[in-house]
Amino acid sequence: MQSYWTSVATTLYALLHSLLVVWRTRPSIVLCNGPGTCVPIVAAAWALRLTGVKHVEICFVESFCRVESLSLSGKILMRAAALGLCEHFLVQWPQLVAKYPRARYIGRLC
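In the working numbering, the protein residues as written are 10 to 119.
Next up, the structure:
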């Protein structure tokens, strides 16, 4: 298990590299799923929007194994969805929509 301080350092490192990749490729959409590694990539996509370079649509698909609650990444991006920063927030279990009304269930995506 990684300590809090080293996880902050590795997240900042991942954010730097994500910024470089996203700024180079300038994608139209970012499709990501549950692991925490998607948060720096989404943050880099938000940076493109904030600077007015390009509007990148963000689609988050919660992990199939999240049956009763959201992952930490899901919780972070659910707040982003509430602010309009994450256009599509998909879950793979219908009971999650009852707990998180901003989520959409369109069937299992495995």
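Ideal Cβ placement from N, Cα and C applies to all residues, glycine included.
These numbers come from a predicted model, not from an experiment.
Residue 30 is positioned such that its CB atom lies no closer than 8 Å to that of residue 54. Contact between residue 69 and residue 99 holds: CB atoms are separated by about 7 Å, below the 8 Å threshold.
Counting along the chain, residue 64 sits inside no alpha helix (DSSP H), nor does DSSP assign it H or E at all. Residue burial is scored here from C-beta neighbours: residue 11 has fewer than 16 other C-beta atoms within 10 angstroms and is therefore classed as exposed.
The shortest CA-to-CA distance from residue 24 to any of 45, 50, 64 is the one to 50.
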